[in-house]
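Have a look at the structure below before the remarks.
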Amino acid sequence: MVRTIELNKRQETILEIVKENGPITGENIAERLNLTRATLRPDLAILTMAGYLDARPRVGYFYTGKSGTQLLTENLNKLYVKNYQSIPVVVHENVSVYDAICTMFLEDVGTLFVVDQATLLVGVLSRKDLLRASIGKQELTNIPVNIIMTRMPNITMCEKEDLVIDVAKKLIEKQIDALPIVKKTEKGFEVIGRITKTNLTKAFLALAEDN
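With this note's numbering applied, the sequence shown corresponds to residues 100 to 310, in that order.
Laid out in structure tokens, this is it:
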């Protein structure tokens, strides 16, 4: 994975030389800049890893024709949910709101996924859902979570082969903190993971720091 980088003046000059004269060897680029090949090597490595240049043995460097935005888009399209997912925290649909609050606190998560007897996804519980239920005089140990949860088919889900960028769009659009990662079965959806805003932040930081 590669990030869009801010080029220094020498790197911009190298790009112009390759644009006009490519394919061109590293030795020829160095000659045009009155530099040694060793001095130039780090700049060529950065430009190649960043995707601005490509290199072929015994041929030289040539310009890829891609802008920084294009390169960033290409690399965002290489980030998949399966590489950044975390373990889901699941509760049964018959547990009480009190127990769900305890689970959320102990597991330090913002979203719980609710399953039925067959361990298939039937609902989602957010902090807001539990907070709303706790306001008032109800006995929380007597209220099952299936009374307050968001139910199917109103649950936003994703699969492990989905792109991280698409999941980010869903989280922003729906104004939620996490999505269940599911596997479709004949009877319903099995929860196999979760992806959160924190996971997405780590993915984008990894993209930014890779070079």
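All residues carry an ideal CB built from backbone N, CA and C; glycine is no exception.
{"Item": "Just to confirm before moving on: does the CB-CB distance between Val290 and Val214 stay below 8 Å?", "Value": "yes"}
{"Item": "So, do the stretch 257-270 and the stretch 280-295 have three or more beta carbon pairs nearer to each other than 8 Å?", "Value": "yes"}
{"Item": "Give me, in chain order, the residues of the same chain whose beta-carbon lies closer than 6 Å to that of Asp261; leave out the 5 immediate sequence neighbours on both sides.", "Value": "Val180"}
{"Item": "Just verifying my parser: in three-state terms, what is the DSSP assignment at Ile275?", "Value": "coil"}
{"Item": "Does DSSP put Ile247 in a helix, a strand or coil?", "Value": "coil"}
{"Item": "Under the rule that 16 or more other beta-carbon atoms within 10 Å means buried, what is Cys201, buried or exposed?", "Value": "exposed"}
{"Item": "Locate the beta strand (DSSP E) running through Ser225, then write down its first and last residues.", "Value": "Leu220 to Ser225"}
{"Item": "In chain order, what residues of the same chain lie with their CB nearer than 8 Å to the CB of Thr284, ignoring the 5 residues before and after it?", "Value": "Leu219"}
{"Item": "In angstroms with no decimal places, state the Cα-to-Cα distance between Val133 and Asp142.", "Value": "According to the sequence as given, residue 133 is Asn; it is not Val. Asn133 and Asp142: Cα-Cα distance of roughly 14 Å."}
{"Item": "According to DSSP, which residues form a beta bridge with Arg293?", "Value": "Ser185 and Pro279"}
{"Item": "Assuming Gly121 contacts Phe161 (C-beta within less than 8 Å), just tell me the rounded distance between them.", "Value": "4 Å"}
{"Item": "Note the first and the last residue of the continuous alpha helix (DSSP H) segment covering Arg140.", "Value": "Arg136 to Met148"}
{"Item": "Under 8 Å Cβ to Cβ from Ser233, same chain only, skipping five residues before and after it: list those, please.", "Value": "Val196, Ile200 and Leu239"}
{"Item": "Do the CB positions of Val189 and Val244 come within less than 8 Å of each other?", "Value": "no"}
{"Item": "Tell me, to the nearest whole angstrom, how far the beta carbon of Gln184 is from that of Lys301; I am working on the premise that it is less than 8 Å.", "Value": "Not quite, the Cβ-Cβ distance comes to about 11 Å (not below 8 Å), so this is no contact."}
{"Item": "May I have the straight-line CA-CA distance separating Met148 from Ile280, to the nearest angstrom?", "Value": "32 Å"}
{"Item": "Beta carbon of Thr210, beta carbon of Ala305: below 8 Å?", "Value": "no"}
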